[in-house]
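Q:
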Amino acid sequence: MARMLYSASMSIDGFIAGPGGDMSWLTPYLGPNPTMDDVAARTRALLVGRRTFGGDDPYRDLPGEGEAFGGGWSGPQFVLTHHPPADPVPGVTFVTDLHTAVTRAREAAGDGYVNVLGGDVARQCLDADLLDEVLVCVVPVLLGDGVRLFDHPGGRTVRLEPVGVSEAPPATNLWLRVVR
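First residue of the sequence shown: -19, per the numbering used here; consecutive thereafter.
1. Quick check on this structure: which residue in Ala(-18), Asp109 and Pro150 has the alpha carbon closest to the alpha carbon of proline 8?
2. Nearest-angstrom Cα distance between glycine 71 and proline 14?
3. Would you mind sorting arginine 160 into buried or exposed? The rule is 16 or more other CB atoms within 10 Å of its CB.
4. Which partner residues of glutamine 104 appear in the DSSP bridge assignment?
5. In chain order, what residues of the same chain have a beta carbon less than 7 Å from the beta carbon of leucine 156, not counting five sequence neighbours either side?
6. Would the beta-carbon of leucine 27 fall within 7 Å of that of phenylalanine 58?
7. Going by the beta-carbon positions, is the gap between arginine 103 and phenylalanine 130 smaller than 7 Å?
8. Between leucine 123 and the rest of its own chain, which residues show a CB-CB distance below 8 Å, the 5 nearest in sequence each way excluded?
9. Arginine 30 by DSSP, collapsed to three states: which one?
10. Three-state secondary structure (DSSP) at glycine 144?
11. Between the Cα of glycine 227 and those of Asp107, Ala89 and Val158, spot the shortest distance and give me the residue it belongs to.
12. For asparagine 95 versus serine -13, is the C-beta spacing smaller than 7 Å?
13. Excluding sequence positions up to five away, which residues of its chain have a Cβ less than 8 Å from the Cβ of cysteine 105?
Written out as C-alpha cells, the structure reads:
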C-alpha cells in the first residue's frame, strides 16, 4: 500500500512559504538534492492543497516552471479543494473530501509514495492519522513570517522518529516517521 509522505522545504524559523504564500525565497536555494530526486522517483501520485496547486512557484521564470518538482516528476495529481474549477485540468483530479482524495491517491500510487504538498493538507492528513512520513529540507534562511510547516494552535503532540539525515548543501534533509 502506498505511503503518505509530506515533503517541504522550510526556513530555519519554521516557514514553508513567505507572507501570502510567497515562494520566491526558495529560488536561490534550488539545486541538486539526491534525497529529493529519490523521493520524486519513488512518488507515484501527488495529493496537493488548492492554495499550493494555484500558488506561487519557486521555479518562476526558470525551466520547470509550473511543473511538480520543477519538472522532475510527472503523474497523477489529486487536488483537495472545496471549489473545483469548472474546466478540467489535464492530469489533475479535483476532490472535495480528504478521505476520498487520500484513497484515490493511494490507489494511483500503488506501492509507491503519495507525496503530500501543502501545509494545510499535510496537517489534515496528520489530524486524521493518515500521514506516514515527513521529509523536511531545512534551508539556511530566516523568513520571519509566513506559512508554518505545521500550524495547528491547540493541536496535539505528535511523536516522530528519525529515518535519516542527509546533506545537500545548502539544505539539510530530515526524514521522519510518524509514530503511531
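Every residue gets a Cβ at the ideal spot worked out from N, C-alpha and C, and that includes glycine. A quick note: this is a predicted structure, and the numbers were derived from the prediction, not measured.
A: The structure says:
1. Pro150
2. Taking C-alpha positions only, glycine 71 is separated from proline 14 by approximately 26 Å.
3. exposed
4. Glutamine 104 is not bridged to any residue.
5. Glu113, Val114, Leu140, Glu141, Pro142 and Val143
6. yes
7. yes
8. Ser(-9), Asp(-7), Phe(-5), Gly(-2) and Trp5
9. helix
10. strand
11. No answer is possible for residue 227: the residues shown for the chain start at -19 and end at 160.
12. Serine -13 sits close to asparagine 95, with the two beta carbons spaced by under 7 Å.
13. Met(-16), Tyr(-14), Leu27, Leu78, Val82, Val96 and Leu111
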